[in-house]
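Under UniProt numbering, think of the first position of the sequence shown as 1, with each following residue one higher.
Positions of the beta carbon are idealized from the N, C-alpha and C atoms, including for glycine.
Quick caveat: nothing in here was measured; it's all calculated off a predicted structure.
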Amino acid sequence: MQERTAGDPCGGTAVVLPDPARSIGVLTSTLATLGNSRTLDAIARSAAAEGYAIKLMPLGRPTRDGVTDAFRELRNHDVDGLVVLVEEYDLDWPGIVFPQAIPVVVVDSNARAGYPTVDTDQAQGAVLATEHLLKLGHETVWHIAGPTDSFAAEHRQGAWRQTLTRFDRTVPLPVVGDWTAESGYTLGRVLAHDPAVTAVFAANDQMALGLLRALHEAGRSVPGEVSVVGFDDMVEAASFWPPLTTVRQSFAELGRQVVRTLLDEVRSGARAVTLERVPVSLVVRGSTGRPPW
């Protein structure tokens, strides 16, 4: 099939345009979270660079029948491959039948055995965040966790807990949010009034934003009295007050690896059951410092 290109009439570099006859289906449960929306954008850009269009199949709250029906609908659209971007545990339901006739890549680190998987190194990020706070001198680190049905939240919370245990520190009871700034604020109001709290790792930047508001309202200075670390490095993180120390996810690299893994399967006709973790990094800004004693 011949590729379509568009060029600058003044002599600019030609670029490959997506061929509507070649497409990748993307099944996703929500685009409301930063992680899913940024990941989808990265997948779409990487697919377009390879000449593939994206066919999106959004779900509400995933159900067994809903996910299975979505797989069937995407097969009817004659997609060349399928990306599953559904982070909830629902993918483990035995009644969900994954497509066998087309290549599939799962964007999560243990959603379904037998399929290639690509994910951010969630655990590495939580370790970097927790170790950073401990090495600054904090006795322990509190945690605002993501939803209990999220693989990413589970991995971040597990690595936070393991890091504290490895350093022989007390493990505080985590508080559970829903990824939103509102939940970070609500939970942050409780943490802000506990004088023992000097360091908090929030499972994403939006909850960290709500936490910062709660701390400011309670008169707790950041980082003078409480240090805060987020996760994602959303575009606005450097504009928080104070600028947020956070774990940077490389969504662009995640999208490239997802598309590369899927197209390798499309072209070879062979499914390689692999697990690829995209590295993260810690971006140190103004929201962390030594404890107040």
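Going straight from the alpha carbon of residue 36 to that of residue 218, what length do you get?
Cα-Cα distance, rounded: 32 angstroms.
Cutting at 6 angstroms between CB atoms, please list the residues of its own chain near residue 290, excluding the five before and the five after it.
136 and 137
Pairs of beta-carbons, one from the region 179-191 and one from the region 162-171, closer than 8 angstroms: are there three or more?
no
Would you kindly report the start and end of the unbroken alpha helix (DSSP H) that includes residue 179?
Secondary structure note for residue 179: it is in no alpha helix (DSSP H), with a DSSP letter that is neither H nor E.
Could you say which of 232, 74 and 201 lies nearest to residue 129 if we only look at CA atoms?
Out of 232, 74 and 201, 201 has the C-alpha closest to the C-alpha of residue 129.
Our contact map puts residue 222 next to residue 229 with C-beta atoms below 8 angstroms; I'd like the distance itself, whole angstroms only.
No, residue 222 and residue 229 are not in contact; Cβ-Cβ is about 11 angstroms, not under 8 angstroms.
Starting from the C-beta of residue 180, find all residues in its chain whose C-beta is less than 8 angstroms away, skip the five residues before and the five after it, and write them out in chain order.
206, 207 and 210
Along the chain, where does the beta strand (DSSP E) that runs through residue 37 open and close?
Run containing residue 37: none in the beta strand (DSSP E); it sits in the alpha helix (DSSP H), 34-49.
Give a yes or no on whether the C-beta atoms belonging to residue 58 and residue 28 are separated by under 7 angstroms.
Contact: yes.
Say the cut is 6 angstroms; is the CB of residue 227 nearer than that to a heavy atom of the ligand MG?
For the ligand MG, the structure offers nothing, since it holds no ligand at all.
With DSSP as the reference, please indicate the residues paired to residue 57 in a beta bridge.
27
Taking the Cβ atom as the reference point for each residue, do residue 39 and residue 231 lie within a distance shorter than 7 angstroms?
In this structure, residue 231 does not lie closer than 7 angstroms to residue 39 by Cβ.
Per the contact definition of three or more C-beta pairs closer than 8 angstroms, is the region 143-162 in contact with the region 117-125?
yes
Suppose the cutoff is 6 angstroms on Cβ atoms and the five residues either side in sequence are ignored; what does the same chain contact list for residue 145 look like?
153, 157, 174, 176 and 203
Return the chain-ordered list of same chain residues with a C-beta closer than 7 angstroms to the C-beta of residue 268, the five sequence neighbours on each side being excluded.
Residues of the same chain with a CB within less than 7 angstroms of the CB of residue 268, apart from the 5 flanking positions on each side, do not exist.
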